[in-house]
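Here is the structure we will look at, set down as structure tokens.
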Amino acid sequence: MQIIGVILILLIIGLFAAWLYWTKKQTGVSAKETGGAQEFDIKVKGVYSPSVIKAKAGQPVRINFLREEDTECSRFVVFDALNIRKDLPRGQAVAVEFTPQKGEYKFTCDMGMYQGRLVVK
Ligand SMILES: [Cu+2]
């Protein structure tokens, strides 16, 4: 009987953790508190992580992309709506800076296989 109780509690904790993770993935990660621009660090390895970030409109953002892989696919990051295309040398953080308006900004690799978005409110 006690074992069943323990299993139930572990199950509930596990579900809660999964729910937290999923919620964060959907709504996006907030900027770091740096005092200046709204700053984000995005790792480029297989995917953009985090792939959804959120910011406030009318305030500058700085998104630091750090590519940790050699595949050519992720070599460039593209913000189509802003005409921004940046080379991401492996192991070297590259910042993309702009001041967003309300809405969504997609960022992708050249071929659109890696996908991320900035949600601005
Ligand atoms: Cu690609």
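Under our numbering, think of the first position of the sequence shown as 714, with each following residue one higher. Yeah, the Cβ is synthetic: ideal placement off N, Cα and C, and Gly gets one too.
Can you look up residue i in the DSSP assignment and give me helix, strand or coil?
| i | result |
| --- | --- |
| G749 | coil |
| E817 | strand |
| D793 | helix |
| Q772 | coil |
| Y761 | strand |
| A808 | strand |
| G741 | coil |
| G825 | coil |
| L801 | coil |
So is residue i buried or exposed if we call it buried at 16+ other beta carbons inside 10 Å?
| i | result |
| --- | --- |
| R780 | buried |
| I716 | exposed |
| V719 | exposed |
| G829 | buried |
| F878 | The structure shown does not extend to residue 878, since the chain is modelled only from 714 through 834, so no value can be given for it. |
| I766 | buried |
| A768 | buried |
| I725 | exposed |
| Y734 | exposed |
| L840 | Because the chain here runs from 714 to 834, residue 840 falls outside it and cannot be looked at. |
| I722 | exposed |
| V814 | The amino acid at residue 814 is misidentified as Val; the sequence shows Gln. Per the 10 Å Cβ criterion, exposed. |
* **Neighbourhood of ligand 1 [Cβ distance below 5 Å to any heavy atom], ordered by chain position** => C786, C822, M824 and M826
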